[in-house]
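Right, one structure below, let's go through it.
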Amino acid sequence: LRPDFGEAWARLGYTYHSEEDMPAEAVHTLETAHRMLPSRMDIAHNLAVVYARLGERAKAESLIERVLVPRGDAEMIDSAREALLDEDYLQAERLIGEQKLAEALALLEQIRAKTARESRRATLTSRIGEIQAALSFNRFVDRYNQAVALANRGDVRGAVAILEPLVKETPNPTQADQARRLLDMLKAPR
């Protein structure tokens, strides 16, 4: 009824924050509110969060640096920056789902370095540990299978060359024992 009433735009924009899938009209709504009420940091914050959730990282970062940082509201700055990290975390989980573990690990480590929240840091540390364990397991399996393939082709020396360092480097005792048993079998007199 009153399209020039900035507070209505701001409140409407705020309602979008509870949406699971952020609708595109949230940007227009909050940009309008921000244009009408440029001194309102809550609106700038909400707009930065919407930009982050819709994948418009450059716009979110620009708004944070241009508007929120000069005002010095640490809580709003941290909250907006954490919204960007939320999107990074979702991207890391997508990478994990695509079995791109090394890429996901690098992204999770970046998020952990940037977050200001201890609880998030602890969660990330746990998730990073899981990914590192999976990568370690995958490396072991790849190398072990290479050794088995060489042994099956009669290249015992090649298999031993893979297994000896594998036994020493593998942090998982069960895997190290598995490699050691194969190594002992290959080294046993025929």
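First residue of the sequence shown: 1409, per the numbering used here; consecutive thereafter.
Glycine included, each C-beta is placed from N, C-alpha and C at the ideal position.
On a predicted model such as this, the values are computed, not experimentally measured, just so you know.
Would L1503 pass as a contact of L1493 if the rule is Cβ separation under 8 Å? no
Coarse secondary structure for L1515, derived from DSSP in three states: helix
Return the Cβ separation of L1438 and I1451 in integer angstroms, given the expectation that the two are a contact with Cβ distance under 8 Å. 6 Å
Just to confirm, is the Cβ distance from M1449 to R1479 under 8 Å? yes
Going by C-alpha to C-alpha distance, which of A1460, D1481, R1525, L1558 sits closest to L1498? A1460
My parser needs the alpha helix (DSSP H) runs of 4 or more residues fully inside the region 1410-1436; what are they? 1414-1423
Straight-line CA distance for R1443 to F1413? 11 Å
Pop quiz: I1539 and A1512 are said to be a contact at Cβ under 8 Å. What is the actual Cβ separation, rounded to whole angstroms? 6 Å
With the cut-off set at 8 Å, would you say E1490 and T1440 are in Cβ contact? no
In terms of residue numbering, what span does the alpha helix (DSSP H) encompassing I1536 cover? 1526-1560
Alpha-carbon spacing of D1592 relative to P1581, whole angstroms: 16 Å
Tell me the DSSP secondary structure of E1439 in three-state form. helix
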